[in-house]
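Peer 1: As you go down the protein sequences, you meet chains A and B in turn.
Numbers 799 to 911, taken from our numbering, label the letters of the first sequence in order.
Numbers 5 to 120, taken from our numbering, label the letters of the second sequence in order.
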Amino acid sequence: DAGVTQSPTHLIKTRGQQVTLRCSPKSGHDTVSWYQQALGQGPQFIFQYYEEEERQRGNFPDRFSGHQFPNYSSELNVNALLLGDSALYLCASSPADGEYGYTFGSGTRLTVV
Amino acid sequence: AQTVTQSQPEMSVQEAETVTLSCTYDTSESNYYLFWYKQPPSRQMILVIRQEAYKQQNATENRFSVNFQKAAKSFSLKISDSQLGDTAMYFCAFMKLPNTGNQFYFGTGTSLTVIP
């Protein structure tokens, strides 16, 4: 049974560009959360999607947006990239209540130059 | 707002010895969950142990156990019989009860090295 799959694993973008990261949740999970982990820091919550809608959002600007598809997979979009957006982006899936069974992916390493 | 503090950026322990990682948190919530996650070089966050705040009994999971002091808002992780595979970053995390905001609040992590 595949866990959480994220793609790509690494990518390099230029300041001002736009990027899309993708996440396929674990089988049986319908909720997807995204986290940003800067170097040497703990992950910070970006937002969570459930039933194709953003259910909860952290303290991130509107440049960060997302989408959830009917098959529960999700995308994270970042517009007008800044150098400070360089980080590991983690996706975590869970059942709707989230109380148990969070599963994280291995992340996408984004470098903005 | 919830905050999680890990005051030990780096720690090391001899193989087979015991090590304790510290974590404190701040919250006005009375019911919540606390977690320890392990992040090896593969980057995937792996759940080590979970504690429900309403349970007084400390959680244990094989070689891993916690010392949960609710009044002091302290949540330390003890690793017994340390193994080379325990080398990783360890993150302490807080979560409010589901339906009131089920996002993790993570600390800044402790890098643990197990020395052969």
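Even for Gly, the Cβ is constructed at its ideal location relative to N, Cα and C.
#1: In the DSSP output, which residue or residues are listed as bridge partners for His865 of chain A?
#2: Output, in chain order, the set of chain B residues within a Cβ distance shorter than 9 Å of Ser831 of chain A.
#3: When DSSP labels each residue in this structure, what does Asp85 of chain B get in the three-state scheme?
#4: Taking the beta strand (DSSP E) that Leu808 of chain A falls in, what are its first and last residues?
#5: Any contact between the region 863–881 of chain A and the region 62–78 of chain B? By contact I mean 3 or more CB pairs, one from each, below 8 Å.
#6: Whose C-beta lies closer than 6 Å to the C-beta of Ala890 of chain A among residues of the same chain, with five residues either side of it excluded?
#7: Cα separation between Glu21 of chain B and Ser69 of chain B?
#8: So what's Asp150 of chain B in DSSP terms, helix, strand or just coil?
#9: From what residue to what residue does the beta strand (DSSP E) around Leu819 of chain A run?
#10: Per DSSP, what are the beta-bridge partners of Val23 of chain B in this structure?
#11: For Leu881 of chain A, name the three-state secondary structure that DSSP assigns.
#12: Measuring only between beta-carbons, confirm whether Thr91 of chain B sits less than 7 Å from chain A.
#13: Under DSSP, the beta strand (DSSP E) around Ala92 of chain B begins and ends at which residues?
Peer 2: If we stick to the structure as given:
#1: A:Glu873
#2: Asn106, Gln107 and Phe108
#3: coil
#4: For the sequence presented, residue 808 of chain A should be read as His rather than Leu. Its beta strand (DSSP E) spans residues His808 to Lys811.
#5: no
#6: Ser831, Tyr900 and Phe902
#7: 14 Å
#8: With chain B covering 5 to 120 only, the question about residue 150 of chain B has no answer from this structure.
#9: Val817 to Ser822
#10: According to DSSP, which records beta bridges pairwise, Val23 of chain B is partnered with B:Ile83.
#11: Secondary structure of Leu881 of chain A (DSSP, three-state): helix.
#12: no
#13: Ala92 to Lys100
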